[in-house]
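Engineer:
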Amino acid sequence: MFYSCNKGLENMHQLPVEIETSETSFHLPIENNVHGNYLKHQVVSDSIFIGINPFNDLNSISFFDIKNQKTLKKIYLDRNLFKYNLESFFAVAMDSIYLTSYATRDIYLINSEGHKLNHWNLDNMNGKSYPGLNGYFFSFSLYKNFIVDPHKNKLIASISDNVFHEEPGSSNLPKIIIIDLEKNTIEDFIAPPEGRMKSRGDLFFPDDIASAQFEKIGDSLYVSYPFDDLVTVYSLKTKKVIFYKNPSAPIKLPLFEPVTLDKKKENSIMWKYRSSMPFYEDLNYHPESKIFSRIYHFEQDVEVTSTYRKSAILFFDSHLNYIDHKIIENGEIGIFKTSKTSRGILTGKPENLQENENSLQHNRVFNFNVKEVAKFD
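Take 0 as the starting number for the sequence shown in numbering that gives the first Met the number 0 and just add one per residue.
1) Am I right that Leu-116 and Ile-106 are in contact with their C-beta atoms under 8 Å? What's the rounded C-beta distance?
2) Secondary structure at Arg-342, three-state DSSP: helix, strand or coil?
3) Specify, as a first and last residue, the run of the beta strand (DSSP E) that Asp-56 falls within.
4) Which term fits Ser-24, buried or exposed, when burial requires 16 or more other beta carbons within 10 angstroms of its beta carbon?
5) Could you pull out every residue in the same chain whose Cβ sits closer than 6 Å to the Cβ of Pro-149, ignoring the five residues on either side in sequence?
6) Measuring CA to CA, which of Pro-249, Ser-234 and Gln-353 is closest to Tyr-243?
7) Using three-state DSSP, classify Leu-252 as helix, strand or coil.
8) Quick one, are the C-beta atoms of Ile-189 and Ile-177 less than 8 Å apart?
9) For a test of the three-state rule: what should DSSP assign to Gly-194, helix, strand or coil?
10) Taking 8 Å as the cut-off, does the region 317-331 touch the region 39-53 (at least 3 CB pairs, one atom from each stretch)?
11) Taking only runs of the alpha helix (DSSP H) that begin and end inside the region 158-209, which ones reach a length of at least 4 residues, in chain order?
12) Restricting to Cα atoms, I'd like to know which of Asp-218, Arg-199, Ser-198 and Ala-156 is closest to Gln-212.
13) Starting from Ile-378, follow its DSSP beta bridges and name the residues at the other end.
14) According to DSSP, which residues form a beta bridge with Ser-87?
15) Are the beta-carbon atoms of Pro-130 and Asn-357 separated by less than 8 Å?
16) Can you tell me whether Glu-280 is buried or exposed, with buried defined as 16 or more other CB within 10 angstroms of its CB?
17) Output needed for Val-162: all residues of its chain with C-beta closer than 7 Å, excluding positions within five of it in sequence on either side, in chain order.
18) Hey, how far is the Cα of Ile-60 from the Cα of Ile-312?
19) Can you tell which of Ser-44, Phe-54 and His-296 has the C-alpha that lies nearest to the C-alpha of Met-93?
20) When you compare the CB positions of Val-230 and Leu-319, do they come within less than 8 Å of one another, or not?
21) Can the beta-carbon of Asn-152 be found closer than 8 Å to that of Asp-179?
22) Considering Cα atoms alone, identify which of Asn-123, Gly-343, Tyr-101 and Pro-257 is closest to Ser-138.
23) Where does Asp-377 sit, in a helix, a strand or coil, going by DSSP?
24) Who are the near neighbours of Asp-124 in its chain, counting only those whose CB is closer than 8 Å to its CB and skipping five residues on each side?
25) Given that a residue counts as buried once 16 or more other Cβ atoms are within 10 Å of its Cβ, and exposed if not, what is Asp-261?
Next comes the structure, spelled out in structure tokens:
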């Protein structure tokens, strides 16, 4: 099942391979009322960049044609559409955009004009019940926190228990919800804590990286956490674990201790802890390149205010075997600035290093290509 969606990769390692990365950048002019940086963003069909800024530009969505390098438009959503403000989105296409808002269990479907096409409320859905004694909510994250499979009309989202700040890592509460939008049914809750998330016990990692990351390929779901090398792969048919993988790569997260709840409540302590700790961004699969990539941000010296993080892009084959990595110099990739494409990533520098305010700053394209390395006796 898993291998069938990656036909042709089984023999990838008959010869040693490495990854060639080609980098290009572009200048895409923006209009006065359109931002150049976005906190949440997605590239659709390798050509349309869609972005939102849920904190400082409420309930607006911007669209760019990165293939032809032009601003398309910015729309403002009807405030009456939501109980609270827009928090996240997932675009199947430019005219098929799913939305969630803060502190609700509502899902909306709109077109590119902002007109509502459909609406679902999880509280009114049939199907499985959440196994926790308390309620749950869609996890807030600057990473991808939900996706929609348009072929099966399923939505998959990361969730957190309502006792988020007290829930021990050793609990068996699921971190992923699967919803059948066509049947208006909650299909299942899966993926309880694994790895460092589980072994933290009664201690805590920072809130902004405590939500599950995931990538869907065919009928398999790859679940990970920013503070762990481990990837757990689930079957979306059986809802069971297919395998665990702790990729053997030369770059790995060091061991660092989670903190007590009391320390977690101290903003100054947590700012220093979070700012210095290394972590991973999403695990991404690139179907055209037929590889996985995962950005790793090295730890940072917070005492030196002029420093920026060094990063690395790690590459894995279809079985999550390590292939290669590319070091990215300090500040060359901004945190939360990367969207995946079928061949690589679209990214940009940190906001305070942006070159100007008149162009889209998500403007650097890395394409990845697998290259066989000849062996000589």
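All residues carry an ideal CB built from backbone N, CA and C; glycine is no exception.
Note that the structure is predicted; figures quoted are calculated from it, not measured.
Structural biologist: Quick look at the numbers:
1) That pair is no contact at about 11 Å.
2) The DSSP-derived three-state label of Arg-342 is coil.
3) 56-64
4) With fewer than 16 neighbouring CB atoms inside 10 Å of its own CB, Ser-24 falls in the exposed class.
5) If we look at Pro-149 and ignore the five residues flanking it on each side, its Cβ neighbours are Val-91.
6) Ser-234
7) In this structure, Leu-252 counts as coil in the three-state DSSP scheme.
8) yes
9) helix
10) no
11) If we require 4 residues or more, the alpha helix (DSSP H) runs fully inside the region 158-209 come out as 194-198.
12) Selected option, being the one with the closest Cα: Ala-156.
13) The first residue shown for the chain is 0 and the last is 376, placing residue 378 beyond what the model contains.
14) Thr-99
15) no
16) buried
17) Asn-133
18) C-alpha separation (whole angstroms): 29 Å.
19) Ser-44
20) yes
21) yes
22) Tyr-101
23) Coverage of the chain is limited to positions 0 through 376, which leaves residue 377 absent and any answer about it impossible.
24) It should be noted that the sequence gives Met, not Asp, for residue 124. Excluding sequence neighbours, Met-124 sits near Ile-178, Asn-183, Thr-184 and Ile-185.
25) By the 10 Å Cβ count, Asp-261 comes out exposed.
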